[in-house]
Amino acid sequence: MLKFVANISFLFKDLTIPERIHAATANGFHGVELLFPYDDPVPPIQQALSATGLPMVLINAPPPNYAGGTRGFAAIPGAEERFRYDLRRTLRYARSLHTRFVHVMAGAGSGDDARAAFVSNLRYAAAEAPDRTFTIEPINQDDMPGYFLSDFDLAAEILDEVGAHNVALQFDVYHAQKITGDAMAVWSRHGHRARHIQIAGLPDRHEPVAGVVDYPAFFRHLESIGYDGYVSAEYHPANGTEAGLGWMPRD
1 MLKFVANISF
11 LFKDLTIPER
21 IHAATANGFH
31 GVELLFPYDD
41 PVPPIQQALS
51 ATGLPMVLIN
61 APPPNYAGGT
71 RGFAAIPGAE
81 ERFRYDLRRT
91 LRYARSLHTR
101 FVHVMAGAGS
111 GDDARAAFVS
121 NLRYAAAEAP
131 DRTFTIEPIN
141 QDDMPGYFLS
151 DFDLAAEILD
161 EVGAHNVALQ
171 FDVYHAQKIT
181 GDAMAVWSRH
191 GHRARHIQIA
201 GLPDRHEPVA
211 GVVDYPAFFR
221 HLESIGYDGY
231 VSAEYHPANG
241 TEAGLGWMPR
251 D
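The numbers in the UniProt record's numbering rise by one with no breaks, and the one at position 160 of the sequence shown is 160.
Written out as structure tokens, the structure reads:
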């Protein structure tokens, strides 16, 4: 059975963060992810995770400073010290919340220098925290204009160049479809690199029901190949979270 995760930055948003964790377990999720936990006190999150037994599967790096700033520093030449500073803070949270996956955001950049910076920073992160898995995620340019990593083939090249066992692909089906028009073809080429999957419907990033992407067929495929990672529900509910959970297979 697949392990579905609630991205509580998107789901159950009418509740507090600890309440979202309790709502996730009540609705059959096997874990949660929280993109930016940095503005919330850690002890109540820890208590909710302990009470429910759910893992905090993934958080993002760096902590947000989005007041006109870039979304990430990993692919920005000359920002290595800022990247390392933010990474240290992210790892403190990851260890406090027992979070295995850290999504390293590249930021806005382009060209060979940006690629070299990204590779160097990913190697640094991998060596700094060998007990964590760092993921990179191609993000479409409509949702995040100027973002460095919007190409799955480039992501594969970067992973090969980094060459670390704990740096892997975060495969977001929504972004793959937006970028290429054929998410399943991208999965066929690069799915073996994925340690974490995120899902949402097209075109409006609502529930992952059958449509542009045949999610029931994709879930059956993942089960058939023995995929043992998490599948994260990262979407904007169309009419409330609980009302839209009919897409999720139940144990």
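Backbone N, C-alpha and C fix where the C-beta goes; we use that ideal spot for every residue, glycine too. Here the structure is a predicted model, which is why all the values come from computation and not from measurement.
Can you list, in chain order, the residues of its chain whose CB lies under 6 Å from that of residue i, leaving out five sequence neighbours each side?
i	result
Q141	S150
I8	R20, V32, L34
For residue i, count neighbouring Cβ atoms within 10 angstroms of its own Cβ and tell me buried if that reaches 16, exposed if not.
i	result
Q198	buried
R89	exposed
A243	exposed
N239	exposed
H165	exposed
To the nearest angstrom, how far is it from the Cα of residue i to the Cα of residue j?
i	j	result
F4	G31	7 Å
L245	V209	10 Å
V213	H196	18 Å
L11	A127	33 Å
Y147	S120	18 Å
Just reading off the alpha helix (DSSP H) that residue i is part of, what are its end residues?
i	result
R20	17 to 26
M184	183 to 190
A243	No alpha helix (DSSP H) holds A243; DSSP gives it neither H nor E.
Could you give the residue range of the beta strand (DSSP E) that holds residue i?
i	result
R84	First-last for R84: 80 to 96, but that is the alpha helix (DSSP H), not the beta strand (DSSP E).
H221	Here H221 belongs to no beta strand (DSSP E); instead the alpha helix (DSSP H) covers 215 to 224.
T99	Here T99 belongs to no beta strand (DSSP E), and DSSP marks it neither H nor E.
Is residue i helix, strand or coil by DSSP?
i	result
L169	strand
A116	helix
F152	helix
L2	coil
R195	strand
A129	coil
residue 252	Only positions 1 to 251 of the chain appear in the structure, and residue 252 is not among them; the question remains open.
Please return the same chain residues whose Cβ sits closer than 7 Å to the Cβ of residue i, not counting the five positions on each side in sequence.
i	result
P216	A210
T25	T52, L54
With a cut-off of 8 Å, does the C-beta of residue i fall near any C-beta of chain D?
i	result
F4	The structure shown contains no chain D; it holds only a single protein chain.
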